[in-house]
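Only one structure is covered here, and it is reproduced in the block below.
Numbering (the working numbering), first residue to last: 97 to 151.
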């Protein structure tokens, strides 16, 4: 499966790549994966911000 990526920036990049691939292939299953990745990226960016604001 997909190896765990820790930094929000990297997650965002991965999500963007997957979304591009899904658009190119026009594959509904890939769209699902891309959507999940994007959601996770957004959440991780938000968490990252919160974490740094508290420090």
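Where a beta carbon is used, it is the ideal one built from N, C-alpha and C, also for glycine.
Under 8 Å by Cβ, that's how I've got residue 137 and residue 104 pegged, so tell me the actual separation to the nearest angstrom.
At roughly 7 Å, the Cβ-Cβ gap stays under 8 Å, so residue 137 and residue 104 are in contact.
By Cβ distance, which residues of its chain are closer than 7 Å to residue 115, with the 5 residues on each side in sequence left out?
If we look at residue 115 and ignore the five residues flanking it on each side, its Cβ neighbours are 130, 134.
Under the assumption that residue 117 contacts residue 126 (Cβ atoms under 8 Å), give the Cβ distance between them as a whole number of angstroms.
That pair is a contact at about 6 Å.
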